[in-house]
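Undergrad: My questions all concern the structure below.
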Amino acid sequence: MEEPSDARETTVEAPATGCDRDGNPMESDESRAAVNSRRILGALEIVERDSVAIAESFNSLFSSLRLALSEVTSSSVEHMHCFVDAAGHLQESALDAATKGNHYINSCLRLNQEMKGMENLAVQLKILRRNVDALDSSINQILRFS
């Protein structure tokens with residue numbers, strides 16, 4: 001049986017694709033570009049998510065650092081005030097001790113001067129005691145003979 005010539009033949013042509021050396025069909029440049037575009041977009045989405053996560057981590061880190069620096073600074077200021085107060089009290093105590101030490105030294109010098117005068121008095125007292133002893137002995141001898 002022959003088909004009439006006016007009948008239309010419907011044939012589907014396969015897209016023109018070549019094969020590689022192994023016989024696997026090769027993709028067209030358009031399909032490769034579409035696949036590459038999807039891969040690039042996927043990689044960009046991953047990079048964008050990672051960048052947002054890193055930015056949030058840095059933001060949190062800098063927030064923590066600002067807080068810690070603020071606490072350390074206020075603590076350092078408090079320590080400096082405490083140090084200044086302690087140094088002031090130490091200076092006052094040192095001046096007070098130096099003043100009292102000077103008074104003590106002056107008192108010792110006065111006492112030393114007075115003690116030099118006492119040496120002369122002590123010598124005079126020894127001489128007076130010898131004279132009194134000698135007088136006592138003489139009186140005792142006179143009374144014994146009388």
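At position 105 of the sequence shown the residue is numbered 105 (full-length UniProt numbering), and the sequence of numbers has no breaks.
The C-beta atom is built at its ideal place from N, Cα and C for all residues, glycine as well.
Computed from a prediction, not measured in an experiment: that's the story for all the values here.
1) What is the DSSP secondary structure of S76, reduced to helix, strand or coil?
2) I need the DSSP call for S28, collapsed to helix, strand or coil.
3) Taking just the CA atoms, how far does L69 sit from E92?
4) Around the Cβ of T10, are there at least 16 other Cβ atoms within 10 angstroms (buried) or fewer (exposed)?
TA: Reading from the atomic positions:
1) helix
2) Three-state result, S28: coil.
3) 34 Å
4) Below a pLDDT of 50, predicted positions are generally treated as unreliable, and T10, at 46, falls in that range; no measurement from the model is reported.
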